[in-house]
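To start, the structure itself, in structure tokens.
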Amino acid sequence: MKSFFYCLIFMALSIGIMGCGDFLEESSQDEVRPSTVSDLEQLLLGEGYLRTDCIYPYLELLTDNVQNAYSDNESHVTVLQQGLPVFTWDVDMFDKMEELYTTGIDTWEKLYSKIKGCNVVLDMLDDVTGDENEKLNQRGQALALRGYYYFLLINTFAQPYNKKGIDLNTALGVPLIVSSAVKDEFPARESIAKVYQQIERDLLEAVDLMDKYGQNNIQYKVTPLFVYNLLSRMYLYMENWGKAAEYASVVITRNPQLRRLSDFVTIEVDEWFGDETLTYDVNGGVLNYNSPELIWGYGDKRISEILFQLPDIFTYPGSSPIFSVSDKFLAQHDVNDLRPACYYQRYFKSIFPMVFGSIYGAKSNLNDLSNPHRGMRVAEAYLNRAEANIRLFLENGNENLRISALTDLNYLREHRFRQPYEDVNITDGQTLLEFCLDERRKELAFDDHRWFDLRRCGMPEMIHEVTINKGQVQEYRLAKGSDRYVLPIPKKVLDKNPALVQNP
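In the UniProt record's numbering, the protein residues as written are 1 to 504.
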């Protein structure tokens, strides 16, 4: 079985550099001449939306959700070398990966390319003909997407918003480009405060427009729930607990449904030995387009199949995948928790001694061409609201907030555990917060959340062990609060824009 990161590399090779232009190469409005609102819609779908893109094929390697294993297979050694710069938090990770021909690492360029597409649509809306309501629908979608992409950029290439002692008005964020007009000067990095203000402005205008004009948008487009959930996430990162809970509540009120994993699991017990065999029906994927909790999805089977489900489920003889789901992380799950079985694939090798473990598997049925491999789910809203209410409870001691948070967490867990499920009851606020964050990690693992949650939750120390030669383990340590919690701007981006300042 190819390793986790090898799958990522194959995925990136398959999509190449489609839609990933240099963010400095801005288009003038004279270069794009849509004449109708329908033309703009197609432009936004092609240039503004994530379709088969993968923004962060490397992100999980930064976290404590992944482990390394040794293999002397030549292909595995190549994968190890290509993944090590990220797995060891190297200060020059992007440059070293590029030297090793690692693809799919153009996060900066890809996000600015999508922002560029959104800006073109926003600038052209007044110049096209068509239904005014549909124009406002397109405006809301473009604003929401632009806010989303800047939110990803600022949380990848700048300090966390809630870092202690930081001056948000002077700390470097990312360049703000909110027009498609060509400019002579190179864009410099704006402050974190200014970037967040732009994100908030875009999302607040977008949510009003979506409520009025976007109610009938389908799940691969921006919907009102998309914007409400993103606002909840943004305010959670900003530690505005009241607003985080408020916007999450809107999502839950409008769509409280979650998928019950136990409805798609069959458990058989050997009558002689008592061993259990658990079979999961992938039609019950939480990211399937028929999932009641899906808010927004993107990607398709062609990309996901390469990324998650290569036909060969065997490892190379005598070896394990180079990168796989951490055994320590999996051991933290309750025995009745169905998520390890439903969210991951098992790997094994076909000759003795048997090697078992887990690799990242999709949360959707990839046999259905239409299903996404990434997305946004109502489960996040429950977790956002629970965390926000717990933090408010720690501030003011209001028991109703503690009870509300427990209700949300138990509702989520009841849909993820074997039946019957027994509610948990935690009275201590700090213990409840830790419990909530653990649930967030388990539910949102490999959904591009863990790295950002580690950043906003104190940037704790992490240790990754790398086995370069058999029996020789080398330890890499990310210190608490390390500057490496902010990813470096790639050298090729700095070379194209002399106004940019590199992260420490």
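Built from N, CA and C at the ideal position, the CB exists for glycine as well.
Note down the Cα distance separating residue i from residue j, rounded to an integer number of angstroms.
i, j, result
"F329", "G285", "21 Å"
"R440", "D448", "12 Å"
"A171", "Y196", "12 Å"
"P321", "V66", "11 Å"
"M462", "L236", "23 Å"
"L80", "N367", "29 Å"
"T431", "G458", "17 Å"
"D281", "K221", "27 Å"
"Y101", "Q82", "8 Å"
"E200", "R391", "22 Å"
"R260", "E414", "8 Å"
"A245", "R402", "13 Å"
"S404", "N410", "10 Å"
"P34", "E132", "16 Å"
"D95", "A499", "19 Å"
"G481", "R455", "8 Å"
"L406", "W451", "25 Å"
"V207", "P490", "33 Å"
"S324", "Y49", "30 Å"
"T63", "Q419", "31 Å"
"N169", "K163", "13 Å"
"residue 539", "D167", "A question about residue 539 goes unanswered here, because the residues of the chain that appear run from 1 up to 504."
"E475", "L61", "15 Å"
"E205", "L152", "19 Å"
"G214", "V250", "16 Å"
"L209", "A248", "18 Å"
"Y112", "Y149", "8 Å"
"L45", "V269", "49 Å"
When burial is assigned at 16 or more other CB atoms within 10 Å of the CB, is residue i buried or exposed?
i, result
"V174", "buried"
"D483", "exposed"
"residue 506", "This structure leaves residue 506 out entirely; the chain is present only between 1 and 504."
"S71", "buried"
"T277", "exposed"
"K114", "buried"
"P256", "exposed"
"S364", "buried"
"I218", "exposed"
"I295", "buried"
"I468", "exposed"
"G147", "buried"
"E434", "exposed"
"D327", "exposed"
"S291", "buried"
"R477", "exposed"
"N389", "buried"
"S75", "exposed"
"E99", "exposed"
"G165", "exposed"
"D53", "buried"
"R346", "exposed"
Using CA atoms only, rank isn't needed, just tell me which of the options is closest to residue i.
i, options, result
"Q198", "M234, F226 and V182", "M234"
"M238", "R416, Q472 and E387", "E387"
"L437", "E380, V66 and E60", "E380"
"T103", "V250, P57 and R146", "P57"
"residue 506", "W241, T253, C54 and D202", "One cannot answer for residue 506 here, as it falls past the ends of the chain, which runs 1 to 504."
"D495", "D337, E109, Y298 and S38", "E109"
"D39", "A193, E134 and D90", "E134"
"D106", "Q82, I55 and Q472", "I55"
"G375", "R402, L61, T223 and Q419", "T223"
"I426", "D408, Y150, K442 and R418", "D408"
"L287", "N497, R377 and L62", "R377"
"N371", "F151, G299 and D275", "G299"
"G242", "E422, K163, F393 and W272", "F393"
"G429", "N162, N497 and N398", "N398"
"Q42", "L61, V77, L258 and G117", "G117"
"residue 508", "Y485, E443, Y421 and E422", "Residue 508 is absent from the model: the chain starts at 1 and stops at 504."
"P460", "L143, Q472, A479 and R51", "A479"
Could you tell me whether the Cβ of residue i comes closer than 8 Å to any Cβ of chain C?
i, result
"E395", "In the structure shown, chain C cannot be found, because there is only a single protein chain."
Does the Cβ of residue i lie closer than 7 Å to at least one heavy atom of the ligand MN?
i, result
"V174", "Absent from the structure shown: the ligand MN. Ligands present: none."
Problem - Contact the region 262–271 vs the region 330–347: 3+ CB pairs below 8 Å - result: yes
Validate contact between the region 158–169 and the region 186–193 using beta carbons, cut 8 Å, 3 pairs:
yes
(request) Could you tell me whether the region 83–97 touches the region 125–137, using the rule of 3 or more Cβ pairs below 8 Å? (result) no
Count the CB pairs spanning the region 177–187 and the region 221–232 that are closer than 8 Å, and state whether there are at least three.
-> no
**Asked** Between the region 136–151 and the region 108–122, do three or more beta carbon pairs fall short of 8 Å?
**Response** yes
Where are the beta strand (DSSP E) runs, 3 residues long or more, that stay fully inside the UniProt domain "RagB/SusD" (367–504), in chain order? 374–377, 462–469 and 472–478
Check your understanding: In chain order, which alpha helix (DSSP H) runs of at least 4 residues are fully inside the region 164–238?
Key -> 192–213 and 224–237
List, from N- to C-terminal side, the alpha helix (DSSP H) runs of 4 residues or more that fit wholly inside the region 70–157. 74–87, 93–99, 107–124 and 132–157
In chain order, each beta strand (DSSP E) run of at least 3 residues that lies wholly inside the region 239–263:
none
Note down, one range per segment and in chain order, each alpha helix (DSSP H) of at least 4 residues found wholly within the region 31–72. 37–43
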